[in-house]
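Working notes, structure below.
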Amino acid sequence: MCFTCKAFTDKEKYKDASRNTKSNIYDFISQGNKIAIAVDCENVDVLKLYSTLKNLNQNEIAKVEKILLYDDVHTSIAWDWINKFTSIPVEHIETERIINRKSLVDIKMAVGICKNIYENEIDSFIIFSSDSDFWGLISSLPNIKFLVMYEREKCSQTIIDKMIEHSIVHCPIDDFCSGNISDFKKTILIDLLQQSIDNVLSLNANTLLNNICEKAQIEINDKEKNKFYDKYIKTLSLEIDTNGIFKIKIAN
């Protein structure tokens with residue numbers, strides 16, 4: 376059976392995607408001249424995308440020229456960190472909404488793919504999406520090679536049958552091991568924690584001491600100021616009560 380006619384039919388849940396699945400992905404990449412990844416961020420779990428990219432051999436996927444993230448302003452900000460965990464250049468295209476209830480990500484991604492075909496001569500796309508709307512795009516571009524990577528729960532069997540019928544290479548990303556996502560999660564959470572702390576504790580320590588001295592309306596020389604600073608301000612510590620309420624504690 377030729378590669379281009381082969382569909383991924385493995386239904387079992389493995390610790391990681393099978394060797395055959397990965398081999399087919401590598402074959403798809405090797406057969407393309409210019410390859411790009413296009414991601415529908417509204418219809419893809421960012422953690423599953425990360426797991427997929429991390430579980431693929433980096434030398435094998437190095438031929439991919441870029442990752443195009445098509446995103447809505449209301450989706451997870453975790454997408455902002457993908458570029459820090461891959462050597463493939465990432466373009467993050469965020470789409471504003473004209474009507475609040477209507478996302479424009481699908482049309483933006485379809486237009487972006489066409490633009491990359493005609494302006495950048497991309498001839499092979501790995502599409503991460505479970506949205507049936509992209510079948511219209513795929514079926515309208517018979518000269519472009521597509522590999523569709525989807526989530527089982529989000530993708531209808533009708534679309535899978537269509538891909539099999541038209542020999543569109545496809546595979547679920549659910550099979551890729553998610554045991555490697557802890558660093559990705561931790562980086563996002565720590566960065567957001569730091570941002571939140573910076574927003575709350577924006578007061579400068581020197582400004583704090585000067586404000587205290589002004590309010591006290593007592594004379595204090597530089598030596599006394601420095602001593603107070605070292606003993607009481609530099610040693611401030613954070614406590615959290617049983618209800619999760621933060622309190623800054625002054626040392627005795």
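Position 15 of the sequence shown, counting from 1, maps to 390 under my numbering, and the rest follow consecutively.
Backbone N, C-alpha and C fix where the C-beta goes; we use that ideal spot for every residue, glycine too.
Where Ile502 is concerned, the enclosing beta strand (DSSP E) starts and stops at Ser499 to Phe503.
Rounded to the nearest angstrom, the gap between the Cα atoms of Thr582 and Ile620 is 25 angstroms. Within the stretch 389-440, complete alpha helix (DSSP H) segments of at least 4 residues are found at 394-406 and 421-430, given in chain order. Annotated as proximal: Trp454 and Cys416, with beta-carbon spacing under 8 angstroms. Annotation: Phe460 to Gln592 spans about 53 angstroms, alpha carbon to alpha carbon. In the displayed model, Phe551 falls within coil according to three-state DSSP, outside both helix and strand. Between Tyr445 and Ala413, the C-beta gap is smaller than 8 angstroms, which places the two residues in contact. With distances taken between CA atoms, Ala580 lies nearest to Phe603 out of Val465, Tyr425, Phe603 and Ala485. Around the beta carbon of Thr427, a 10 Å sphere encloses 16 or more other beta carbons of the protein chains shown; the residue is thus reported as buried. For Cys530 against Ser505, the beta-carbon gap comes to about 4 angstroms, under 8 angstroms, which counts as contact. Note that the C-beta distance between Phe521 and Ile543 is below 8 angstroms. DSSP places Val523 outside any alpha helix (DSSP H); the residue lies instead in the beta strand (DSSP E), whose first and last residues are Lys520 to Tyr525. Between Lys624 and Asn596, the alpha-carbon positions lie close to 25 angstroms from each other.
For Lys600, the enclosing alpha helix (DSSP H) stretches over residues Asp597 to Phe603. Exposed is the label assigned to Ala626, since fewer than 16 other Cβ atoms lie within 10 Å of its Cβ. The shortest C-alpha to C-alpha distance from Tyr425 to any of Met524, Asn408 and Ser398 is the one to Met524. Take the alpha-carbon of Leu516 and the one of Glu435: they are about 26 angstroms apart. Among the bridge pairs identified by DSSP, Val480 is matched with none. Taking C-beta atoms under 8 angstroms as the contact rule, Val448 and Ile457 fail to qualify, at a distance of about 17 angstroms. DSSP places Ile563 inside the alpha helix (DSSP H), whose first and last residues are Ser557 to Val575.
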